[in-house]
Amino acid sequence: MMNDDTLLLYHLNDGLTNAERAEVEAALATDEVLRARLARLAADLDTLRPVEAGLPDDMLLRLKASLERAAASAAAPAKPVRRRFGWGLGFGVFAAGTLALLIGLRVLHPPVTDEAPPTIATNAAGDDSARFERSVRWYLVDASQQLAGLGALPQPERDAVLDKVLAQNRLYVAAAERAEAPALARSLRALTPVMETLGALGDSAGDATALEGGIAQLGFEMKVIQARLVLRAPDSQRVPSRTMLL
Amino acid sequence: MFDLPTRVPALDDFHAVVKQRGGRWYHACLRITRDAGLAEDAVQDALLKAWDRRDSFRQDAELDTWIHRIALNAALDLVRKRNPESVDPDQLDLHEGTAASPETQYTRQSFGNDLSGAMERLTQLERECFVLKHIEGWPLADIAERQKCTVNNAKQTLFRAVRKLRADLNDWRGEA
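Residue numbers (my numbering), protein chains in the order written: chain S, -15 to 230; chain C, 791 to 966.
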């Protein structure tokens, strides 16, 4: 008796030899029950097939903005960089730029609502949530200070500091994900490619300028994240939410 | 269908294709990652990679298909790197019908949430094999290559996924 796995491969038109396909076709020609089984399988698979949905407007805007930045960047003179982090360099710059733009828009046009601002959600309530937020804020302060001194360091020490901060950032991204704070995780994750961009810079004058700009960008973004956390921190009575306003 | 460019695609071509097909890329990535943020990251990665490599775009390929493939690979890479967060079933497009018959559409709408649960019960590998084969139409050989396994292993994984999903479908229908 022919099993459903063989019928599946026949239906998908993949994974059977010509001889096996011929065998299935011969069986289908004479076996009404087998034809019904194949029809049922096809109907089930059709039910399991999703149909397409559109792209949310805000996401479309973000993607288009990324493209615009990529095009603008391509039009500018190319600057040689060490290929330490591969393709993530360009993406990092655009992602960070997009993040900065979104943060700016949020600051300029805060949503009008009568509800209390949402807090960062965590698996644990109350004290655990507050401890986690404090920990993130301390990390951001510490990382900002370390990054601020990067320009004065020779290349090897600079790389060491960046590697350390990058590792810390990844840990906090993972912690935020575990704490069910996806927006915070996403904001922290967006810092990574910018740090990687800095790590790819050399000692030339142009790179020094890019380094200075990158440090300033990171400092700004870290301060914005800190500010959001601080705004929520004093009021422990706020109703927890599963989203973060960023 | 997106019009095939007859030259190196320009920025306008990218804007047009992301508007027309971006939803398909995003939901394909979401089915792989089960994480809205990762899915968006994958699409953005794909767009920027495609833009960077637009000079190598083959004229006999469609820009949509090309970016879609890059996005799926980016999603598979991202999900390997990170443990995906849980995804709100409402974010999945499994229960939104357009061209389906009323009966099929009703079935999809009704079964949508259950199917999301059923997809969650698949292992990551089973989900990927099912999505890549049944929904994305990849050849088994390509799936095996991407998953670094044999074609036979890819088949077996697909069989398991389909069995589980059909069992859930039968449960939902109240059938044995």
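Heads up, the beta-carbon is just placed ideally off N, CA and C, and yes, glycines get one too.
S:L(-8) places its beta carbon less than 8 angstroms from that of C:V952. Distances from the alpha-carbon of S:D143 to those of S:G183, S:A49, S:R53, S:F204 put S:G183 closest. Taking 8 angstroms as the CB threshold, S:M43 lines the interface with chain C. Taking a Cβ-Cβ cut-off of 8 angstroms, S:D147 has no neighbours in chain C, whose nearest Cβ is about 18 angstroms from it. Not one beta carbon of chain S lies nearer than 8 angstroms to the beta carbon of C:E852. Secondary structure remark: continuous beta strand (DSSP E) runs of at least 3 residues inside the stretch -11 to 57 of chain S: none found. Using a CB distance below 7 angstroms, the part of the stretch 16 to 42 of chain S facing chain C consists of D28, L29, D30, T31, L32, R33, P34, V35, E36, A37, G38, L39, ordered along the chain. At least one CB atom of chain S sits nearer than 8 angstroms to the CB of C:K809. Counted as a single uninterrupted DSSP element, the alpha helix (DSSP H) harbouring S:S171 occupies residues 166 to 183.
Proximity of chain S to C:L837 at the Cβ level (cut-off 7 angstroms) is accounted for by L47, S50, L51, in chain order. Sequence-ordered contacts of the stretch 922 to 939 of chain C with chain S read K923, H924, I925, P929, L930 [C-beta pairs closer than 7 angstroms]. Among the residues facing chain C, S:A55 is included, as its CB has a counterpart in that chain under 8 angstroms away. Chain order gives no chain C residues near S:D187, where near means a beta carbon separation below 7 angstroms; the closest approach is about 26 angstroms. Between C:R821 and C:I925, the gap from beta carbon to beta carbon is short of 8 angstroms. When secondary structure is reduced to three states using DSSP, C:F949 falls in the helix class. Using a Cβ distance threshold of 8 angstroms, S:D191 and S:Q139 do not count as a contacting pair. Here S:A163 is buried: its Cβ has 16 or more other Cβ atoms, across all protein chains shown, within 10 Å.
Among the residues facing chain S, C:L915 is not included, as its CB has no counterpart in that chain under 8 angstroms away.
Ranked by how close their Cα comes to the Cα of C:A861, the residues C:V833, C:D867, C:W841 have C:V833 in first place. The C-alpha of C:L912 is placed about 33 angstroms away from the C-alpha of S:L175.
Distance from the Cα of S:K148 is smallest, within the candidate group S:L39, S:A160, S:A127, S:V157, for S:A127. In terms of beta-carbon proximity, C:K945 lines the interface with chain S, with at least one pair separated by less than 8 angstroms. Chain-ordered listing is empty here: chain S has no CB closer than 7 angstroms to the CB of C:L868, the nearest sitting near 11 angstroms. In the structure shown, C:A851 adopts coil according to DSSP, grouped into three states. Per DSSP, the unbroken alpha helix (DSSP H) holding C:I933 starts and ends at 930 to 937.
Contacts between C:W841 and chain S, judged by CB atoms closer than 8 angstroms, involve L51, A54, A55, A58 in chain order.
Just measuring C-alpha positions, the residue of C:A829, C:E830, C:D803, C:H817 sitting nearest C:F847 is C:D803. Distance from the CA atom of S:A54 to the CA atom of S:Q152, rounded to whole angstroms, is 28 angstroms. Nearest CB-CB separation between C:E910 and chain S: not below the 8 angstroms threshold.
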